[in-house]
């Protein structure tokens, strides 16, 4: 049991889908325990602020827009996107000097709005780069969002151990038991860990089969998950027939990314780009809805039940019986723990040096 | 964050509207964390007791009346209004000596039942006196009650800083921005703090305009709030035309009073007496309903959102950005804090002296 | 307030009604804070296991049966009823040695499945024996179950002090005030305490009157409750006319038994066997439903209200005003406390000796 939730702070987290924040409204999402207001300036660029008026602590998201400024719903103070107070209707209207509302650097990329929650200056080199998501028509990519009352690591565990597809999911994405016995090839870097499985199955996995030349015949398959800190997992899955290389595969390129709402609640986003049937808008809508629904009805309940069994206990303290399929997710859990510790140690050193 | 909620104990709080406690039923309300039973004796006078049988701790309010006594629902013990056990149907029926259920002094006044929760003897000189509430016909006064899941100070803040009317409320009680820039005149006494604003607006404030000679023309306005410990705010608002004195004003005389249910829940009562259209029962019903609904739909949601942002943190510890409109409410918060401390220090001195 | 709930561990508790666990399904019930899976092997005998996969902590009850084994819903591990892993579809399929899921000894008797939750070996001599429940036709016995958000001692209190029937219950089981003034005869043994009341009433108690020769005439009555550790109360109630002995009585033989779900939630089971109108299936269904409904609508709300008033405070710390009717329930509370202490002291001695 931890006294205080610990997050990797110097990192970019998905705060919202681009489509969740429109041109006129004030959008609120709690991230790592803190209310965040996101809205688009008149130039369309997203602005991120602490969703709390510094006067009486009303959520600014319940106020209204005044051009690029936001007006508090309680006593009418107005703030610009830099967190300065630009209008005070009270008394002589004195404006406090300097920034009075915390702001959060945002970057919009790949259909997501990414946020930097640390107090330290943002490191733009760390902005995630998933360029393939942007390559292709709008009808070839889908995005979705859901909220789950679990620690974010529980979702990372699920995606880093794809053996669960044979047990949790129905006909549509099973490998018919081919993947489960495989020990994935795992590659580790400092802030990234990947796992890859390759196998043959007949018929091919049903999400890809209809797009292969002979949907009933065997196909070579691969699936690869690339975790990178803090909580992004890029997943590619493909199938190919007739001994062609995987670069010829019918495949999809997905991003799963998790953002802690708090210690036991997670914002879970994903995006999926495919290289087949890319111009079919109707199929595109069906595809992302099917992925969303599979998580809600199949993965979600089991992950939630595991969390309920674990309560507030630490995963490793519970002495789990680890199997070969835990190789990648356990490395990710340990790496996150180490990166948080490294960040906190560096913070203490910096403080001591001051 | 406080370990234990702290209240000013030696004070009279509104426990109920007179109309909430009828001649026959047992009425329960939790006050400062304690279940309180209120019922009327056969003489109509309200009786206040700890709503807990001393035997097995059943709430007496779930039992029944037997004349002026109340009978426990679980094992049939009966208690009189002084907290003595007057009937024990068990075994030889031995009655315990003395008072076995705590009682609370009550005073009924101005359409409220006031309660003294302290262990010390009640100080009847402290019973609130709002005589103007009683002056006029029954069709000229309304009372209402609501419960809000916030600390009671949040509601005092709202009423002591009336600048919010220009931002939170709609057309009906806005001052059209005239009040917000004013710095109120604040008067402090030991257990009372008042604030007063005066201004001109055209048209006059819409709750009063229809009762002025020329509803479209400018009028002189005033509003005054008189806080007194622990949590009463008497508010008067009036408007007058043609340079007449405020003693000629079309006005209303209101009482807002808060009683902590617990640290983060408040019983909020108010009463309103007006000096115009006093004999119109239909208008009277409309008037109190409109005030009730304005709080529920306009003030309430913002106050609640502020409380949620504050969580269990202390207001001053959160380093609020204070403005001129905070003059009165901040003085009230500080005075309540000081009065609680004074009371506790006196209690410790008294204990030490024993 | 206790830091950790304390239970008498080396004891048999009712885990389920026999009828709750069918031949095919996986049944889950939380007992003393722990998820327990119960299912029937192919021989029909109940199997009890910790409802938690040792791998990722998924509840096995959300998985499925494979013969006598249970398959985890998350990653397909299979376990037999002894808690051994018998199938691992991952990697090389290595099976961990030995028992990896905790099991709980179960005994099925009197229409209940009894569970031993202690780590120590089960003591089969302690299995409750209520042979009269088994004597007679199936249409002469009923069983029921309900869950109540109270500490289990609150329900024991209720049944051990039957004076409540005159106050809590309606016409159907009142003694018309005859029982309340009686001081029961209490007999104490080491792990058992009984209380007995005898009285005359006219008309006889209405649950028995219709089965007496002259339902309107006076009858001799008795009721006896026999508590035995940890939380079983066997209750017999009977009536007889014309000076015949109680062995001739029209009577019913009931078992009330409580199992803590956790400190403030209780599984409450009861069974009732009668010696009259035994072959009437319709009456039998009516009878158990009436008993169930009486608890839900009459005892339950008062017990719950008492628990809410008590919060997490200890009963004795609250300084209850004890009466003659508390003789038996207070002895039971003290005995449970002493038995828990005795068990814990013995455990510490055993540890020290190792």
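Chains as they are written, first to last, in my numbering: chain A, 21 to 374; chain S, 21 to 374; chain G, 21 to 374. Note that beta-carbon positions come from the ideal geometry of N, C-alpha and C, so glycine has one too. None of these values were measured; they are calculated from a predicted model.
Below 8 Å on the Cβ atoms is my contact criterion, and I expect residue i with residue j to pass it. Report the Cβ-Cβ distance as a whole number of Å.
i: residue 30(S); j: residue 138(S); result: 5 Å
i: residue 180(G); j: residue 323(G); result: Contact flag wrong, Cβ pair sits at about 13 Å.
i: residue 345(S); j: residue 84(A); result: The pair is not a contact, with the Cβ atoms about 19 Å apart (cut-off 8 Å).
i: residue 176(A); j: residue 349(A); result: 7 Å
i: residue 347(S); j: residue 243(S); result: Contact flag wrong, Cβ pair sits at about 15 Å.
i: residue 28(G); j: residue 360(G); result: 5 Å
i: residue 197(G); j: residue 210(G); result: Actually they are not in contact, since the Cβ atoms of residue 197(G) and residue 210(G) sit about 35 Å apart, beyond 8 Å.
i: residue 275(G); j: residue 252(G); result: 7 Å
Between residue i and chain S, is the shortest Cβ-Cβ distance under 8 Å, so that the two count as touching?
i: residue 343(G); result: yes
i: residue 325(G); result: yes
i: residue 356(G); result: no
i: residue 68(A); result: no
i: residue 366(A); result: no
i: residue 329(G); result: yes
i: residue 72(A); result: yes
i: residue 77(A); result: yes
i: residue 113(A); result: yes
i: residue 382(G); result: Beyond the ends of chain G as shown, which are 21 and 374, falls residue 382(G); an answer cannot be given.
Beta-carbon of residue i versus every beta-carbon of chain G: anything under 8 Å?
i: residue 168(A); result: no
i: residue 119(S); result: no
i: residue 203(A); result: yes
i: residue 2(A); result: Residue coverage of chain A in this structure runs from 21 to 374, which leaves residue 2(A) outside it and unanswerable.
i: residue 200(A); result: yes
i: residue 94(S); result: yes
i: residue 322(A); result: yes
i: residue 107(S); result: no
i: residue 110(S); result: yes
i: residue 184(A); result: yes
May I ask you to report which of helix, strand or coil DSSP gives residue i?
i: residue 242(S); result: strand
i: residue 192(S); result: helix
i: residue 200(S); result: coil
i: residue 268(S); result: helix
i: residue 349(A); result: helix
i: residue 105(A); result: strand
i: residue 27(A); result: coil
i: residue 343(G); result: coil
i: residue 319(S); result: helix
i: residue 94(G); result: coil
i: residue 132(A); result: strand
i: residue 287(A); result: strand
i: residue 99(G); result: strand
At a Cβ threshold of 8 Å, is residue i touching chain A?
i: residue 214(S); result: no
i: residue 21(S); result: Model confidence at residue 21(S) stands at a pLDDT of 38, short of 50, so the residue's coordinates are unreliable; what they give is reported in the following sentence. No - not a single Cβ of chain A is within 8 Å of the one on residue 21(S).
i: residue 81(S); result: no
i: residue 187(G); result: no
i: residue 180(S); result: no
i: residue 98(G); result: no
i: residue 29(S); result: no
i: residue 102(G); result: no
i: residue 338(S); result: yes
i: residue 61(S); result: no
Strictly under 8 Å for the Cβ-Cβ distance: is residue i near chain D by that measure?
i: residue 138(G); result: Reference to chain D is not applicable here, since the protein chains of this structure are A, S and G.
Start-end ranges of the beta strand (DSSP E) lying completely within the region 205-265 of chain A, minimum 3 residues:
The region 205-265 of chain A contains these whole beta strand (DSSP E) runs: 205-208, 212-221, 239-248, 252-260.
What runs of the alpha helix (DSSP H), each 4 residues or longer, lie entirely inside the region 150-196 of chain S?
The DSSP assignment places 172-180, 185-188 as complete runs of the alpha helix (DSSP H) inside the region 150-196 of chain S, in order along the chain (cut-off: 4 residues).
Where are the beta strand (DSSP E) runs, 3 residues long or more, that stay fully inside the region 32-93 of chain G, in chain order?
You should have 32-37, 47-51, 54-60, 66-70, 84-86, 89-91.
Using Cβ-Cβ distances below 9 Å, what residues of the region 39-56 of chain S are close to chain A?
Taking 9 Å as the upper bound on Cβ-Cβ separation, chain A lies near no residue of the region 39-56 of chain S.
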